[in-house]
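>
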Amino acid sequence: MAEQVPGAALPAGALEAPQAGPVRDFSHLTPGPPGVLRPVGTSMFVVDGRRPHDVPLDPLRLAILSTGRSGTSWLRLMLSELYTLDMIAGPLLPADVAWPNLPTRCLIQAHWYPPTFSVPLDEIFYRLPGGLVEAYDLRVVTVARHPFDTLVSALRFSALLDPEAQHVPLEANSPSGQAFLREATSQWAERTLAISREWWGLPGVLRVRYEDLVSDTPGELAKLVAAIGEEPDRTVAEVAALHQLQDLKSTYGDGLFWQGQPGLWRKLIPAGAALQIYEANRAAFETMGYVCDPDPDLKASEAEAAWRLLVSPSPK
93 MAEQVPGAAL PAGALEAPQA GPVRDFSHLT PGPPGVLRPV GTSMFVVDGR RPHDVPLDPL
153 RLAILSTGRS GTSWLRLMLS ELYTLDMIAG PLLPADVAWP NLPTRCLIQA HWYPPTFSVP
213 LDEIFYRLPG GLVEAYDLRV VTVARHPFDT LVSALRFSAL LDPEAQHVPL EANSPSGQAF
273 LREATSQWAE RTLAISREWW GLPGVLRVRY EDLVSDTPGE LAKLVAAIGE EPDRTVAEVA
333 ALHQLQDLKS TYGDGLFWQG QPGLWRKLIP AGAALQIYEA NRAAFETMGY VCDPDPDLKA
393 SEAEAAWRLL VSPSPK
């Protein structure tokens, strides 16, 4: 087979067609540093990199494909800064991307299942079609985060976004309660955690552990740079210093960047609930190398009090 030039016209039948999803409203997306959002094609959003586009460079297309609330936005900002890449991010489906118009140097951040995953029909819009990784020379990066921390962060983030949930104070929806336990042992939780879980074991995927990225940001970025095999535009130390989590929280608000503390779940989920959630999501724990080691002495009342301190509005 002739070598395929990334982004060139593809022979008929070379790719699975992306499944067309429902029409969705992207008007809530707002521009943020370091660029400005603009539409490409019909519904692909790009944050422009700051490199002049007339400078000839080798193609570099990275795709961070992971479970949400696992540090992917943080990693996206740092990698795009390291290599001055156009950023493609948002609540995107594969069908939203105008693939033939994909910039030759870009970074996609999305929550898509790999082509090898047997996705239920109602989730098939979120599966990356077979052949796209190879045809567009995507370097896939996936991020693992402790499933308990991921689910706690997802609980808070979903409540902030869901208009139907906004009439219920976050303080009343603690991870120590029955509502969280139902969600965290549901099919929703299994499918959510499956994104990183399924990419984690695939050959050629660059793997990042969130906890390691927090404890040694420059070191983990240096490992990624070595795996990517291209000299970055800025040093990893410089980029890590410019993207400290507390600073990003001030810049972007605490909707996108919240606590970011590995192991926070141990103050919020009592042992009995943790064991039930673990059993319902054992595959994610085992595949990504996490253990269920809750605090055996944590009382539900203590967990609820800790949650209230985290989510109660700060006094003016």
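In case it helps, this note's numbering puts the sequence shown at residues 93 to 408.
Yeah, the Cβ is synthetic: ideal placement off N, Cα and C, and Gly gets one too.
If you're wondering where the values come from, they're calculated on a predicted model, not measured in any experiment.
Tell me the rounded alpha-carbon separation between Leu-305 and Arg-274.
Counting from 1 along the sequence shown, the entry for residue 305 is found at position 213. Counting from 1 along the sequence shown, the entry for residue 274 is found at position 182. Those two C-alpha atoms are separated by around 30 Å.
> What are the residues that DSSP puts in a beta bridge with Gln-201?
Taking the sequence shown and counting its residues from 1, the one referred to as residue 201 is at position 109. DSSP lists Ile-156 as partners of Gln-201.
> Using a Cβ-Cβ cut-off of 7 Å (strictly less than) and excluding sequence neighbours within five positions of Thr-159, which residues of its own chain qualify?
Taking the sequence shown and counting its residues from 1, the one referred to as residue 159 is at position 67. The answer, listed in chain order, is His-203, Thr-242, Thr-284, Leu-285, Ile-287 and Ser-288.
> What is the DSSP secondary structure of Ser-119, reduced to helix, strand or coil?
Within the sequence shown, numbered from 1, the residue matching residue 119 stands at position 27. Any reading at Ser-119 needs caution, since the residue's pLDDT is 43, under 50, leaving its predicted position unreliable; the model's value is listed next. Ser-119 falls in the coil class under three-state DSSP.
> So, for Val-300: in the same chain, excluding its five sequence neighbours on each side, which residues have a beta-carbon less than 6 Å away from its beta-carbon?
Position 208 of the sequence shown, counted from the first residue, corresponds to residue 300. Same-chain partners within the cutoff: Val-235.
> Along the chain, where does the beta strand (DSSP E) containing Ala-181 start, and where does it finish?
One-based indexing of the sequence shown puts residue 181 at position 89. Neither: Ala-181 is in no beta strand (DSSP E) and is coded neither H nor E.
> Can the beta-carbon of Leu-390 be found less than 7 Å from the beta-carbon of Pro-362?
The residue you call residue 390 lines up with position 298 of the sequence shown. The residue you call residue 362 lines up with position 270 of the sequence shown. Yes. Within cutoff.
> Name the two residues that bound the continuous alpha helix (DSSP H) containing Ala-392.
In the sequence shown, residue 392 corresponds to position 300, counting from 1. Element bounds for Ala-392: 392-403.
> Helix, strand or coil, according to DSSP, for Thr-196 in the structure here?
Position 104 of the sequence shown holds residue 196. In the structure shown, Thr-196 sits in coil (DSSP, three-state: anything other than H, G, I, E or B).
> At 4 residues or longer, what runs of the alpha helix (DSSP H) sit wholly inside the segment 259-333?
You should have 270-276, 279-292, 302-307 and 309-320.
> How many angstroms separate the CA atom of Thr-327 from the CA atom of Leu-174?
Your numbering for residue 327 matches position 235 in the sequence shown. Your numbering for residue 174 matches position 82 in the sequence shown. Those two C-alpha atoms are separated by around 7 Å.
> Suppose contacts are defined by Cβ-Cβ distances below 7 Å. Is Met-170 in contact with His-335 by that definition?
Counted from its first residue, the sequence shown places residue 170 at position 78. Counted from its first residue, the sequence shown places residue 335 at position 243. Yes.
> Is the distance from the Cβ of Leu-360 to the Cβ of Ala-398 below 7 Å?
Looking up residue 360 in the sequence shown gives position 268. Looking up residue 398 in the sequence shown gives position 306. Yes, the pair counts as a contact, with Cβ atoms nearer than the cut-off.
> Can you grab the Cα-Cα spacing for the pair Ser-245 / Arg-358, in whole Å?
Against the sequence shown, residue 245 aligns to sequence position 153. Against the sequence shown, residue 358 aligns to sequence position 266. For Ser-245 and Arg-358, the distance between alpha carbons rounds to 13 Å.
> For the alpha helix (DSSP H) containing Arg-358, list its first residue and its last residue.
Within the sequence shown, numbered from 1, the residue matching residue 358 stands at position 266. Neither: Arg-358 is in no alpha helix (DSSP H) and is coded neither H nor E.
> Give me whichever residues DSSP pairs with Arg-168 in a beta bridge.
Numbered from 1 along the sequence shown, position 76 holds the residue referred to as residue 168. Note: Arg-168 sits in no beta bridge, so no partner.
> Counting Cβ pairs, one atom from each stretch, are 3 or more of them under 8 Å apart for the segment 363-380 and the segment 312-331?
No, the segment 363-380 is not in contact with the segment 312-331.
> Relative to the C-alpha of Leu-154, which candidate in Leu-185, Pro-195, Ser-162 and Gly-182 has its C-alpha closest?
Within the sequence shown, the letter at position 62 stands for residue 154. Out of Leu-185, Pro-195, Ser-162 and Gly-182, Pro-195 has the C-alpha closest to the C-alpha of Leu-154.
> Would you tell me roughly how many angstroms separate the C-alpha atoms of Gly-105 and Trp-191, rounded to the nearest one?
By one-based count along the sequence shown, residue 105 stands at place 13. By one-based count along the sequence shown, residue 191 stands at place 99. Note that Gly-105 has pLDDT 41, beneath the 50 cutoff, so the model's placement of it is unreliable and the number below is only indicative. C-alpha separation (whole angstroms): 15 Å.
> So the beta strand (DSSP E) Val-235 belongs to, where does it begin and stop?
On the sequence shown, position 143 is the one that residue 235 refers to. First-last of the beta strand (DSSP E) with Val-235: 230-236.
> Does the distance from the CB of Glu-371 to the CB of Ser-268 come in under 7 Å?
Taking the sequence shown and counting its residues from 1, one reaches residue 371 at position 279. Taking the sequence shown and counting its residues from 1, one reaches residue 268 at position 176. Their beta carbons are not under 7 Å apart, which means Glu-371 does not touch Ser-268 by this criterion.
> Any idea if Ser-393 is buried or exposed, counting beta-carbon neighbours within 10 angstroms, 16 or more meaning buried?
Residue mapping note: residue 393 aligns to position 301 of the sequence shown, counting from 1. Exposed, since its Cβ has fewer than 16 Cβ neighbours within 10 Å.
> For Glu-226, count neighbouring C-beta atoms within 10 Å of its own C-beta (all shown protein chains included) and say buried if the count is 16 or more, exposed if not.
In the sequence shown, the residue the question calls residue 226 occupies position 134. Exposed: under 16 other Cβ atoms inside 10 Å.
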